[in-house]
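Going letter by letter, the sequence shown gives residues 1131 to 1319 in the working numbering.
Every residue, glycine too, gets a C-beta built ideally from N, C-alpha and C.
These notes concern the structure reproduced below.
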Amino acid sequence: MSIKSDRWIRRMAVEQGMIEPFEPGQVRSCEGGEQRISYGTSSYGYDVRCARHFKIFTNINSAVVDPKRFDENSFVDFHGDACIIPPNSFALAHTIEYFRIPRNVLTICLGKSTYARCGIIVNVTPLEPEWEGHVTLEFSNTTPLPARIYANEGVAQFLFFESDEVCETSYRDRSGKYQGQRGVTLPKP
């Protein structure tokens, strides 16, 4: 298994639609020169952006968090250019990018250092071979202060590992429950 370079990522995005929309370079500023948290292709990965739709966790209903019986009322929907996550809480969002992972590739996500250094942790499970969809992102605010997440800017880096052999059973083969997801997708039992 080997990690894939920027050249491979560009080729797969263009030839196989692995990432859409795709940014072939690294974007660090917007019109007018205002700094933003970078996104796009890096040396050995791809920095994804967060869309403008957030689901912010709230405990107004005193619900128990149960992955088998998740109560959608535990979230408040918010659309905007920045989301404030309450102290010691979390929010869900999704990538702007839609992914189509090749059958011989496993993709791992790591949070960007800009957020990690502020106590904001990004969690995403691996993208398995032949999974496709928008990636649901979980942002944990580990601090005792409110934390801000910016939409349309970089939030996490995806690393692509290509196997020497094709897997016997892919995510698509076993009809994975999150296949083809669009937008923020809540837990499915």
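According to DSSP, is residue i part of a helix, a strand, or is it coil?
i	result
Gln1165	strand
Ser1304	In the sequence as presented, Ser is not what sits at residue 1304; that position holds Arg. Residue state, collapsed to three classes: coil.
Val1296	coil
Arg1312	coil
Ala1286	strand
Arg1141	helix
Where does residue i land, buried or exposed, given buried means 16+ other C-beta within 10 angstroms?
i	result
Val1235	buried
His1264	buried
Lys1185	buried
Lys1198	exposed
Ile1133	exposed
Lys1307	exposed
Gly1284	buried
Using CA coordinates, which residue listed in the options is at the minimum distance from residue i?
i	options	result
Thr1188	Asn1271, Cys1248, Cys1297 and Glu1298	Asn1271
Val1157	Gly1310, Glu1145 and Val1178	Val1178
Thr1255	Ala1286, Ile1279, Arg1278 and Thr1273	Ala1286
His1224	Val1296, Ala1212 and Thr1266	Thr1266
Ser1305	Phe1220, Trp1261 and Ala1212	Trp1261
Asn1218	Glu1150, Ala1281, Leu1275 and Phe1291	Leu1275
Ile1149	Asp1207, Ala1246 and Tyr1169	Tyr1169
Tyr1280	Arg1141, Gln1146, Glu1153 and Lys1242	Lys1242
Cys1213	Ser1173, Glu1268, Gln1311 and Arg1137	Glu1268
Does the beta carbon of residue i fall short of 7 Å from some heavy atom of the ligand ZN?
i	result
Lys1134	Only the bare structure without any ligand can be found here, which leaves the ligand ZN out of the picture.
Within a Cβ cutoff of 6 Å, which residues of the same chain sit near residue i, ignoring the five residues on either side of it in sequence?
i	result
Gly1249	Thr1272 and Thr1273
Ser1300	Arg1233, Pro1259 and Glu1260
* Which runs of the beta strand (DSSP E) fall wholly inside the segment 1195-1282 and span at least 3 residues, in chain order? -> 1205-1209, 1212-1215, 1220-1230, 1235-1241, 1250-1253, 1262-1271 and 1277-1280
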